[in-house]
Every structure is written in structure tokens, then in C-alpha cells.
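The listed protein sequences derive, respectively, from chains A and B. Reading the first sequence from the start, the letters are residues 1 to 306 in the working numbering. Reading the second sequence from the start, the letters are residues 1001 to 1285 in the working numbering. By construction, the Cβ of each residue, glycine as well, lies at the ideal position given by its N, Cα and C atoms.
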Amino acid sequence: MSATLSESIDRLDAAAESRLDSLLESPGDVGILDEHAKRELRRAILTAVCVPGYQVPFGSREMPVARGWGSGGLQITLALVGADDVVKVIDQGDDEGVNAVNLRRLVTETTGATETTEVDEATVVQTRHRIPEDELDEHQTLVLQVPVPEPLRGVERNIAELGRMHAEADYSRMWVSLYEDKVRNGVITKSTGYPCLVGGRYVIATTPIPRWDVPRLHHAPFLSLFGAGRERKIYAIPPDTDVEPLTFDDVPFEVERTAGARCALCGATEAYLIEVPPSVGGAEDGRWICSDTSWCRRRRATDGDA
Amino acid sequence: MIGASPMRPTVLRVEQLGKIFGSQDPAAVAQTGPDAGSEKSPDGSSVVAAWDVSFDVASGEAFGVIGESGSGKSTVMRAIAGDHSASAGSVWMQRRDGSTSDLLTMSPSERRALRVDELAVVYQDAAEGLDLNVTAGGNIADRLTAAGCRHFGQIRERAAELLERTEVPLDRMDDLVRTFSGGMRQRVQLARALANRPPIVLFDEPTTGLDASVAAGVLDLIRSLLEELGIAAVVVSHDFAVIEMLTSRCMVMQHGRVVEQGLTDQLFEDPQAPYTQRLVAAARA
């Protein structure tokens, strides 16, 4: 490499560094999102809360994580939390998943919020694929990372037509897809992202949570915020809102359940269990463990005390 | 009720319906029509696809619209159905609740709601009236769920009943409509149109494109259904046989205008307008 080239690279480096320093020092703009971005996000969130289930568009920013890796949930969390907040992040119910750990670090280090793995300590719980087994209360907010916010995407691809269907609450084609599923398979096979009617008006995708968690959204005491970074949409379920899974009158909604399955670690049967290879987590005597790791750990600790 | 005899109340009244494509220049109306020999204005800026079209349909009656390709008959049907907007006139329809509404002043969403259970359409191209990637039963379920039915067993039962009535083999009920023949697609379309027992059904060339024997079967079916269910119908076709078989009254259109209107038998036996005479002569040849 020629001396001139390496000198100019050094110069550029120095310039970038000093610019970064000045950005970090500028008052008001602390963290990843600037104040304008936070304001826009908060407005979108307020709109979403006012019109439960309606997908509010927002200007999704570039995040230090790739789109599809929780950038929507991350932006909501960053717009919500301050130094007083306590943040829990889970991935598939697990606080120690690589993605969960990285997002949690990112949030706490750039906002001054503190981190936790305990639900009852958290003010904000950011999640991919689960609602914690513990009941959240009205002081807590659940932030969900959403890959596909549009529940009707499977039956219609034209965006203008999708807008019309939501505007007129014309969901008959969603019902047809459930009908066809039942005809073809004998049961409704749709698992995660089960379509639900929110507040008797909008159908939402409850992605990415499993069916197990769907009934827990109905009249929940807490606020749920759904963020889709790639699709640039935010929607919400305010506290005490009707959330009804779409199902036929004579075909009851069922949650996932495997007869005889119990957690190999804590013995729970009434929790969302995941199947694992026998060697994982010392689960020699069974192939099932709780998906919510912190809940499972606490149950074992309490058993030990008793 | 739209002022008619107590025996057969009028359920649909079309008054001076007009549709101009392109420039909405009223001067184009005088420059087009059978006398001008074209529906296109001389400067080419507008097409008067239909103008001053009036007719009414009584409860349980089938009314025919006949004319050659481009005469405006499908335009009239689509303006009534709400597939495109009209430029002039009104379409009064007797509603289920006994009131009367002008369809042309209703919002697009109100008109779509009307299509659920008050006004059904059977198209020439089954792809327009059906979702080909859904099963025959699913296409009927679409209308039933749109009308609020949420009972899987009842949906299955009603779909089977309708398909049986329209002579679609029940073992094809759970097959995709894409795999069906043309005649069977029309039968499924018919079943779907009748799903919520609409009092009025519009037929746009329901048998065009089918081979003769299949077309005859579908026509037979439509006729017996209209009689049995007491449905009022508007049948649009270029085919004399279809109009003759299904309707009691009809009108003839040419270059976007009505050239003759009357009882179907009389009109075909004793055509008055030169255009109708040519049309009948061609059909009888």
C-alpha cells in the first residue's frame, strides 16, 4: 500500500472518529435513535394503541441488527425505555439465546436502562416467539418482534386490495383459508401467527407467538406492542381488549399440547414445552423442557427451598 | 316498492343509464349511436358505450339484453353490478328490508356488501366470479362466511346442497376449481352466486365459450333454478337461443343504444327495427 493511500485512510479514520465523538456528546441525542426518530415511533405507537389491531406504518430505521432479526421490536423498545426502565429480552422464551443477549446489551448500554431475566422486575419485555409464563401486569409492556405483520398476506398479495379488505373488515377469504385447512387436514393446522380479531374490528397476525400464548392476549392487563422492522408496521393490543382467535363455532380453538409431556427439569405440565434431544440441559429422563427458561429455573429453586 | 302492479312488484328499475369511456364530453352523445353508426365520437376522445338505457325487471322475471359484441350490453350489466361506475342515470333496486336504493349513489363498499346476499353475478369467464385456486366448497364458503356464517358443519352442508342442485359431483367438492372443465366451473359459479339466496342475479354470457351440449345443460339448469327459486334475472347474451330460452322480455342494443324492447317471443317473431330484423335473420339462417 502506498504511503499516500494509507495517510488518507488515517485522515478519514480520524475525521470519522471526531464526528462520532461530537455526535455522542451532543445533548439530547443519546443512544441509537435520535429524538426525531423516537418521536415518530411514539406517535406511531400511540396511533396503534388508539386503533387496536390496525397496522400503523412507520419509517423503520437502519438498526445495528439486520432486518428480520428483531429490528422492529428493538425500535419500539428504544423509543420506550429510559434510564429508569428494567428490560428483559427473550428469544423463544430463553434469556440466554445469542440474539436475546445481544439485543439486551444493546438496549441497556445505549439507554442506561438496567437488565433483568426476571419477569416481575421488568418494565419492558421484548420477545420473539413467546409470552412469558408469568402473568404480566398493567405496569408492564410486552414488545413483540414481528416478521410478517399482515395476516392476509397468504390470501392476497395486492397491497391496495389488502388495505380495502381491512378497511371494510372483509375477512371472508381468511375464513376460506381456515375452511380449506380444515377440509384438507381435518384440523386447523395454522400454528404461529394465528389470526385473531382484535376489539371486534381488525384481524391481526399474532406472530410470532405459538397458539399456546394466544388465549393469554384476551383481556390481558398489559399493553402489547408488535413491531415489524422490515415491513415498517407497528400494531398494538391495549390492556383489557377482546382478542378472539378466528375459529368456527363448531370447531373449538385448541392450543398445542402433547399427552403425557412434562418438563424434564421442573416437572411442569401446564407450560409451553419444547422438544429437545435427551442430552440437553440434563434432561436424561425426557425429551421435553419448558420454553420459558427463567420461569423453569425459578420453579426448580422454589422446589428446592420447600 | 318501485310503483308496479301488486302481483309482480318491480325489483330493479334502470333509468337512463349511461356510460362514457374517455373524455366525458356530453356532445359525444349526439354524435354517436345507431344513426351515426358508431359508439365512438368522431374525434375519438370518447366512447359512449351505453346511453339512455331504461328497463325494469319484476320479481321473479328474467329480462334479456341482446346485441352484437361492442353494443354495450356488458357495460350495462357491469354498471348495475358495480364493477365500473356509470356516467349517468340511476339504478333503483328493491332491498331486502323493503326500502328502495339507487345503486349508483352508493359507496363502493356498500355496493360490495350488496353483492354478498342481494345481487349476485355470474360471469362469462369463471375466473372473474371464482377463485380458481380454492376448492369448489371453499368458493361457496367465501360467500357464506361473508354473510356471517361461522359454523363449519353448516357451511359444508349448504355447499354440498348447492353443488348437488347445480349438478356438480359431490366427490369434486374438495378439488380446486382450476382442475374443473369449463361447464363445471360455470355450475360452481352458479352455486356460489345462489349461496345466500339473492333475489336478483345478473348473468353475463353465462354459456358463451362452452360447447353446444354443455351449454344446453347449463341453460337448462339456469332456467329451472330461476323458476324454482323465483329469482329476478338480467341475462346478457349475443345468442338468441339463450335469450329465447331464459327470458320473457328483452331489449336489443346497438352502438350503445336500445333500438327495440318488448316481449321476447314477439320481438323475435316480428322484429320492427331494421337492426333487429338483420339480427334475427342472421340467427335463423
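B/V1168 and B/N1139 have their C-alpha atoms roughly 13 Å apart.
Cβ contact annotation for B/M1077 (same chain, cutoff 6 Å, sequence separation greater than five): L1202, D1204, V1236, in chain order.
Cβ contact annotation for B/G1082 (same chain, cutoff 6 Å, sequence separation greater than five): R1111, in chain order. Here A/E133 is buried: its Cβ has 16 or more other Cβ atoms, across all protein chains shown, within 10 Å.
Legend: CB atoms of the segment 1121-1145 of chain B lying less than 9 Å from CB atoms of chain A belong to residues D1131, V1134, T1135, G1137, G1138, N1139, A1141, D1142, R1143, L1144, T1145. In this model, B/G1064 and B/T1075 are separated by some 14 Å (Cα to Cα). By the rule that beta-carbons nearer than 8 Å mark a contact, B/D1174 touches chain A. Taking the C-beta atoms as reference points, A/L246 is found nearer than 8 Å to A/M174. With the rule of 3 Cβ pairs closer than 8 Å, the segment 1186-1199 of chain B counts as touching the segment 1141-1153 of chain B.
For A/V203, the enclosing beta strand (DSSP E) stretches over residues 202-205. A buried status is given to B/H1255, since no fewer than 16 other beta-carbon atoms sit within 10 Å of its beta-carbon. Of all C-beta pairs linking the segment 257-266 of chain A to the segment 289-300 of chain A, three or more are shorter than 8 Å, placing the two stretches in contact. For A/W175, at least one C-beta of chain B is nearer than 8 Å to its own C-beta. When DSSP states are grouped into helix, strand and coil, B/Y1275 belongs to the helix group. Against B/R1112, the close residues of chain A are E168, D170, in the order they occur along the chain (beta-carbon pairs closer than 8 Å). Sixteen is the threshold: when 16 or more other Cβ atoms of the shown chains lie within 10 Å of the Cβ of A/S71, as they do, the residue is buried. A/D94 and A/E115 have their alpha carbons spaced roughly 14 Å apart.
Per DSSP, reduced to three states, the secondary structure at A/S224 is strand. Interface annotation, B/S1109: in contact with chain A, CB-CB separation under 8 Å.
B/D1043 is not a Cβ neighbour of B/T1010, given a cutoff of 8 Å. Under DSSP, B/A1233 forms a beta bridge with B/A1062, B/V1201. For B/A1081, the enclosing alpha helix (DSSP H) stretches over residues 1073-1081. In this structure, the CA atom of B/F1021 is about 26 Å from the CA atom of B/L1279. B/D1211 and B/L1130 have their C-alpha atoms some 20 Å from each other. Contacts between B/H1151 and chain A, judged by CB atoms closer than 8 Å, involve F248, D249, D250 in chain order. Here DSSP, grouped into helix, strand and coil, assigns B/S1054 to strand. Between A/E256 and A/W212, the CB-CB gap stays under 8 Å. Counting other Cβ atoms within 10 Å of its Cβ, A/R39 stays below 16 and is therefore classed as exposed.
Contact annotation: the segment 1037-1054 of chain B does not touch the segment 1101-1118 of chain B, with fewer than three C-beta pairs closer than 8 Å. A contact is defined here as three or more CB-CB pairs under 8 Å, and the segment 229-237 of chain A meets this definition with respect to the segment 53-72 of chain A. Under a 10 Å Cβ-count criterion, A/D240 is classified as exposed, with fewer than 16 other Cβ atoms of the shown protein chains found around its own Cβ.
In summary, no residue of the segment 1220-1247 of chain B has a CB separated from any CB of chain A by less than 7 Å. For a Cβ distance threshold of 7 Å, residue set Y179 of chain A lies close to B/I1155, ordered along the chain.
Taking the Cα of B/D1097 as reference, the smallest distance to any Cα among B/I1066, B/F1180, B/P1199, B/A1216 is reached at B/P1199. Assignment of B/S1099 by DSSP, reduced to helix, strand and coil, places it in the coil class. Judged by pairs of C-beta atoms under 8 Å, the segment 1207-1224 of chain B does not touch the segment 1020-1040 of chain B, as fewer than three such pairs exist.
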